[in-house]
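Each residue of the sequence shown is one higher than the one before, counting from 2 in this note's numbering.
Here a beta-carbon is modelled for each residue, glycine too, at the ideal position from N, C-alpha and C.
Remember, it's a predicted structure, so these values are computed and weren't measured experimentally.
In what follows, a structure is listed as C-alpha cells, so that the remarks can point back to it.
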Amino acid sequence: AEESEREGADRPTEFSMPAVANQSTRRVEAGQQVLVSTESKAGDGFEKDTSEPIPADTAATGLIDLGQPAVTRMAQTIGELPIMELASELAHLTQNSLSLSTQGELRSASTIIRSRNAGVFDHAVVLAALLRARQIPARLTLGLVRTDEPGRSEASGNEASGSEQRVLMKLVAGVVVWIDGQWVTIDPMSAKFNRVDQLCLSR
Numbered sequence: 002a003e004e005s006e007r008e009g010a011d012r013p014t015e016f017s018m019p020a021v022a023n024q025s026t027r028r029v030e031a032g033q034q035v036l037v038s039t040e041s042k043a044g045d046g047f048e049k050d051t052s053e054p055i056p057a058d059t060a061a062t063g064l065i066d067l068g069q070p071a072v073t074r075m076a077q078t079i080g081e082l083p084i085m086e087l088a089s090e091l092a093h094l095t096q097n098s099l100s101l102s103t104q105g106e107l108r109s110a111s112t113i114i115r116s117r118n119a120g121v122f123d124h125a126v127v128l129a130a131l132l133r134a135r136q137i138p139a140r141l142t143l144g145l146v147r148t149d150e151p152g153r154s155e156a157s158g159n160e161a162s163g164s165e166q167r168v169l170m171k172l173v174a175g176v177v178v179w180i181d182g183q184w185v186t187i188d189p190m191s192a193k194f195n196r197v198d199q200l201c202l203s204r
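Spelled out as C-alpha cells, the structure:
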C-alpha cells in the first residue's frame, strides 16, 4: 500500500477542462472530450455548467476593486438597459476605452482604467469589474484561442505545409457572466459573446 501511495504521488495530477457557459465536457476512456457550441443544449453525454451565481461573483477582490471611484464612474456611464444589452455595452466600453499594450504584471481594475493602457488580461479584469459594479455576476476565465499566424516547421523555421502544418494557440483571458439564468462568455477584446473558437482552461 505504501509503494502504491508513493507511485500515485509521483504521477502528475490529471488536467481537466471545465464545463463553462457554451463549453461542455464529457469523460472518455482516453481522457476528456470538450464541445464548444452555440447550441444551448449539450451533446449526448456532455455536461454543461449548471452552477448558479454565488455572492463572490459580485464581490470586490484585490484585482476587481469595486469601491474605487474610477470603476464606479466608468460603470455608470452606461444607463439602465436590459441585462444582455447592458453587458454588451460594458464590453464595448471596455474595448473602446483602453489602448492595447503588452501585458505586464496584473493590476487592479482602477489602476488599469486610470492608465488607459491594458494588456489582454487587464481588459478582462476591467470588464469583470464593470459588470460586478452593476451587480451582474461575473467570473474571470483563462483559455486558448487559435492565432492568425501560420504554422512553421520546427526543423527548418520555414512556413509549414501539408502534414507539417501546426495549429498555434495563444493564451487569452475572458469573462463569464450570468444573464437570464445561464452563464455566457464574453471576449473583452472583441466584445463577442460565446465565441466557439475559444477553449476555456480555467475559471
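What residue does the beta strand (DSSP E) around residue i start on, and which one ends it?
i	result
M18	Premise fails: M18 is in no beta strand (DSSP E) and is neither H nor E.
M170	M170 to I180
S203	Q199 to S203
A139	A139 to R147
Q166	Counting along the chain, Q166 falls outside any beta strand (DSSP E), and DSSP gives it neither H nor E.
R27	Q24 to V29
D188	Q183 to D188
For residue i, I'd like the list of residues in its chain whose CB is within less than 6 Å of its CB, leaving aside the five on either flank, ordered along the chain.
i	result
V126	L64 and A110
D50	A20, V21 and W184
A119	L99 and I113
I84	I180
P54	P138 and W179
Short check: CB of residue i to CB of residue j, under 7 Å?
i	j	result
R133	R204	no
V176	A129	yes
L200	L145	yes
A88	V178	yes
M170	H124	no
R115	A61	no
V29	M18	no
For residue i, which residues of its own chain have a beta-carbon under 8 Å away from its beta-carbon, when the five flanking residues on both sides are left out?
i	result
R117	S98, L99 and S100
K205	Nothing can be reported for residue 205: it is not among the residues displayed for the chain, which extend from 2 to 204.
T103	G120
E155	Low confidence applies here, because E155 scores a pLDDT of 47, under 50, leaving its location unreliable; read the following figure in that light. Excluding sequence neighbours, E155 sits near nothing in its chain.
By the 10 Å Cβ neighbour count, where 16 or more other Cβ atoms means buried, how is residue i classified, buried or exposed?
i	result
S25	buried
T142	buried
I180	buried
L131	buried
A76	buried
A92	buried
R167	exposed
D66	buried
F16	exposed
V37	buried
R74	exposed
R147	exposed
T95	buried
Which residue comes first and which comes last in the alpha helix (DSSP H) that contains residue i?
i	result
S38	Careful: S38 lies outside any alpha helix (DSSP H) and carries neither H nor E.
A134	V121 to A134
R115	A110 to S116
S89	I84 to S98
T73	P70 to A76
For residue i, I'd like the list of residues in its chain whose CB is within less than 7 Å of its CB, leaving aside the five on either flank, ordered along the chain.
i	result
L82	E90
T59	R133, Q136 and P138
Q69	S111
G105	G120
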